Amino acid sequence: MQMYLQAQQKNGIVAWLSILQLLIHVPLSWLFVNHLNWGVDGAMGALCISSWFVVFGECAYIFGGWCPHTWSGFSTAAFKDIFPVIKLSISSGVMVCLELWYNSILVLLAGYMSNAEVAISAFSICLNINGWEFMICLGFLGAACVRIANELGRGDAKATKFSIKVLITTSIVIGVFFTIICLVFGNKLGYLFTNDVEVAKTVSDLSLLLAISVLLNSIYPVLSGVAVGAGLQGTVAIINLCCFYVIGIPIGALLGYVAHLQVEGIWIGMNLGVFTQTLALSYMAWKTDWDKQVKIASERLEKFYLKSSEEPNHKNGHA
Numbered sequence: 001m002q003m004y005l006q007a008q009q010k011n012g013i014v015a016w017l018s019i020l021q022l023l024i025h026v027p028l029s030w031l032f033v034n035h036l037n038w039g040v041d042g043a044m045g046a047l048c049i050s051s052w053f054v055v056f057g058e059c060a061y062i063f064g065g066w067c068p069h070t071w072s073g074f075s076t077a078a079f080k081d082i083f084p085v086i087k088l089s090i091s092s093g094v095m096v097c098l099e100l101w102y103n104s105i106l107v108l109l110a111g112y113m114s115n116a117e118v119a120i121s122a123f124s125i126c127l128n129i130n131g132w133e134f135m136i137c138l139g140f141l142g143a144a145c146v147r148i149a150n151e152l153g154r155g156d157a158k159a160t161k162f163s164i165k166v167l168i169t170t171s172i173v174i175g176v177f178f179t180i181i182c183l184v185f186g187n188k189l190g191y192l193f194t195n196d197v198e199v200a201k202t203v204s205d206l207s208l209l210l211a212i213s214v215l216l217n218s219i220y221p222v223l224s225g226v227a228v229g230a231g232l233q234g235t236v237a238i239i240n241l242c243c244f245y246v247i248g249i250p251i252g253a254l255l256g257y258v259a260h261l262q263v264e265g266i267w268i269g270m271n272l273g274v275f276t277q278t279l280a281l282s283y284m285a286w287k288t289d290w291d292k293q294v295k296i297a298s299e300r301l302e303k304f305y306l307k308s309s310e311e312p313n314h315k316n317g318h319a
């Protein structure tokens, strides 16, 4: 639903719902965790409640009549040619899952290090910092997806290429800024989360690799958004599978366990997987024939476009 709203340039409602979610989540977390002493269960409960608030809010906005041009009620026409849509949805789901599971598997690998408690703590801290910065890049992913899809639907290949350049350049500039912050304050980042000297030192040792991750984060989400906007989710899913699970995880395990680089080795493997993915997505964006993609988008529009009930009556009135 969020992408549905973003595709119609209704980013304001998405932003306001996210702000309200935060305002609900913070006091609920304090109430459940600190006041009621529910611990981790309380934190998860607060997250679930605040997340469902966004879902209900988006449903109310969409079905309440605020999207009159794209939603006029349920219709059997919604099931017309539904299988191509399901195919794209499955491809998108696989693409996202492969990326999310990648980090989870790496955390599991860190749990089998010689000093597992310190390794997992340091790895989780770095993943949190990486995730904070990635949220900004996730916004660029959504913007790239919507912008590229709109430009292709408008039939303007030149504007599509220009949008790609602008999005990547802007995202890289922001990424470089946060990379510099990680390099300058790398030895202090760990103390934002813990007072444990050993954990903070391990985070400091990972700061250079974290800075590289932050820089890569500024590139590949935009390229993924470009591919999704062009309907190439299946290709991105294959790239993610090969780069993360054939390159990233095996190399990370070898460096971590065989080369005894511990958690640094796992993070190096993660970065290599993301770097390979970035190269593959860059090559795909460079070699894509955007004029051809415009034609494909036009064919899709003709296939899925449904005339409103007013159009035939209007034509019959002139017959």
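The sequence shown: position 81 = 81 (the numbering used here), numbered continuously.
Even for Gly, the Cβ is constructed at its ideal location relative to N, Cα and C.
This structure is a prediction, so every number in the text was calculated from the model and none was measured.
CB of residue i within 8 Å of CB of residue j, strictly
i                 : j              : result
valine 226        : cysteine 182   : no
serine 163        : valine 222     : no
phenylalanine 178 : leucine 216    : no
valine 203        : isoleucine 125 : yes
serine 91         : glycine 234    : yes
tyrosine 220      : leucine 281    : yes
leucine 141       : serine 224     : yes
alanine 157       : tryptophan 286 : no
threonine 194     : serine 121     : yes
leucine 106       : isoleucine 266 : yes
As assigned by DSSP and simplified to three states, the class of residue i
i                 : result
tryptophan 38     : coil
phenylalanine 185 : coil
proline 250       : helix
tyrosine 257      : helix
tryptophan 71     : coil
isoleucine 239    : helix
glutamate 310     : Low local confidence applies: a pLDDT of 49 at glutamate 310 is under 50, so the model's placement there is unreliable, with the coordinate-based value given in what follows. Helix at glutamate 310.
aspartate 291     : helix
methionine 113    : coil
asparagine 100    : According to the sequence as given, residue 100 is leucine; it is not asparagine. In this structure, leucine 100 counts as helix in the three-state DSSP scheme.
phenylalanine 193 : coil
serine 218        : coil
alanine 230       : coil
leucine 206       : coil
lysine 201        : helix
lysine 80         : coil
Terminal residues of the alpha helix (DSSP H) in which residue i lies
i              : result
tyrosine 4     : 2–6
asparagine 11  : 11–29
methionine 270 : 262–287
Buried or exposed by the 16-neighbour rule on C-beta atoms within 10 Å, applied to residue i
i                 : result
glutamate 311     : Residue placement at glutamate 311 cannot be trusted, given a pLDDT of 49 that sits under 50; what the coordinates show is reported in the next sentence. Answer is exposed; the Cβ neighbour count stays below 16.
asparagine 313    : Low confidence applies to asparagine 313: its pLDDT is 48, below 50, so where it sits in the model is not reliable enough to give any reading.
asparagine 130    : buried
alanine 15        : exposed
glutamine 9       : exposed
methionine 113    : buried
phenylalanine 244 : buried
leucine 108       : exposed
glycine 12        : exposed
cysteine 137      : buried
Closer than 8 Å to chain D by CB, residue i
i              : result
isoleucine 238 : Considering every chain present, this structure includes no chain D. It has just one protein chain.
> Going along the chain, which unbroken runs of the alpha helix (DSSP H) with 4 or more residues stay wholly within the segment 120–164?
Replying inline: none
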